[in-house]
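Okay, so here's the structure we're looking at.
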Amino acid sequence: QSVLTQPPSVSGAPGQRVTISCTGSSSNIGAGYDVHWYQQLPGTVPKLLIYGNSNRPSGVPDRFSGSKSGTSASLAITGLQAEDEADYYCQSYDSSLSGSGVFGSGTMVTVL
Amino acid sequence: QITLKESGPTLVKPTQTLTLTCTFSGFSLSTSGVGVGWIRQPPGKALEWLALIYWDDDKRYSPSLKSRLTITKDTSKNQVVLTMSNMDPVDTATYYCIHRGDNTGKVDHWGQGTLVTVSS
Chain A
1 QSVLTQPPSV SGAPGQRVTI SCTGSSSNIG AGYDVHWYQQ LPGTVPKLLI YGNSNRPSGV
61 PDRFSGSKSG TSASLAITGL QAEDEADYYC QSYDSSLSGS GVFGSGTMVT VL
Chain B
1 QITLKESGPT LVKPTQTLTL TCTFSGFSLS TSGVGVGWIR QPPGKALEWL ALIYWDDDKR
61 YSPSLKSRLT ITKDTSKNQV VLTMSNMDPV DTATYYCIHR GDNTGKVDHW GQGTLVTVSS
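Following this line, the structure appears as structure tokens:
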């Protein structure tokens with residue numbers, strides 16, 4: 001059972017906007033820890049997609065954006081493309097778990 | 001260029017101890033803020049954080065697995081070693097070595113991963 005809760009799946013047609021929520025608590029996201037997002041294409045290693053709540057590493061399209069508020073965070077994908085079909089994970093740290101890293105349960109994005 | 005590579009057995013028996021080595025290049029684990037750790041992913045399941053060791057030898061473990069995990073570093077060899085005791089079939093997973101580069105806490109580099117199967 002993951003410390004951070006994500007919807008199991010979201011879907012959208014090409015060109016649409018989809019959002020993925022990441023719900024935590026006062027000991028992780030709500031405690032001020034940054035949220036990071038990773039994209040895992042089928043059969044590949046996860047890749048950093050968003051860091052520090054809303055920052056994109058070099059090379060990540062600006063179709064991807066992140067935000068954080070209170071004990072939750074979200075990832076938005078605008079202009080959905082077929083190549084965005086993947087699993088997405090949020091990640092943070094948790095003070096009640098001795099500062100260990102924690103992951104969300106993962107969300108599968110399907111492009112219809 | 002930062003690279004990390006996992007090595008270790010691909011098959012272990014139940015109750016045995018797993019030892020995985022991460023050999024890295026392109027950075028120093030003596031640099032302030034840097035950490036190297038381990039994350040695993042059972043087949044078809046979510047990512048799970050296991051352990052992280054920082055440049056100053058601070059170690060952080062997943063509480064649910066802490067009693068079974070030990071993480072150590074050898075800065076001179078650019079290696080980090082994870083041991084996990086009392087292996088069980090539910091521990092079958094791909095184990096990733098990861099690099100945490102700064103105080104934002106993001107994982108900015110991943111090894112290719114190594115699949116470890118626990119079976120008699």
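As you go down the protein sequences, you meet chains A and B in turn.
Note that this note's numbering has the first sequence beginning at 1, numbered continuously upward.
Note that this note's numbering has the second sequence beginning at 1, numbered continuously upward.
Just so you know, even glycine gets a beta-carbon here, dropped at the ideal spot from N, CA and C.
- A/Gly66 is the residue among A/Asp62, A/Gly66, A/Leu80, A/Val109 whose C-alpha sits nearest the C-alpha of A/Asp34.
- Within the same chain, and ignoring the five residues on either side of B/Ile98 in sequence, the residues whose Cβ sits closer than 6 Å to its Cβ are Gly37, Ile39, Val107, Trp110.
- DSSP places A/Ala76 in the strand class (E or B) of the three-state scheme.
- The beta carbons of B/Gly33 and B/Trp49 sit about 18 Å from each other, so the pair does not count as a contact at 8 Å.
- For B/Ser76, same chain residues with a beta-carbon under 8 Å away, outside a window of 5 residues either side, do not exist.
- Here B/Glu6 is buried, its C-beta having at least 16 other C-beta atoms within 10 Å.
- Taken in chain order, the members of the segment 38-60 of chain A whose beta-carbon sits within less than 7 Å of a beta-carbon on chain B are Val45, Pro46, Leu48, Tyr51, Gly52.
- Within the DSSP secondary-structure output, B/Val12 pairs in a beta bridge with B/Val118.
- For A/Gln91, the enclosing beta strand (DSSP E) begins and ends at 86-94.
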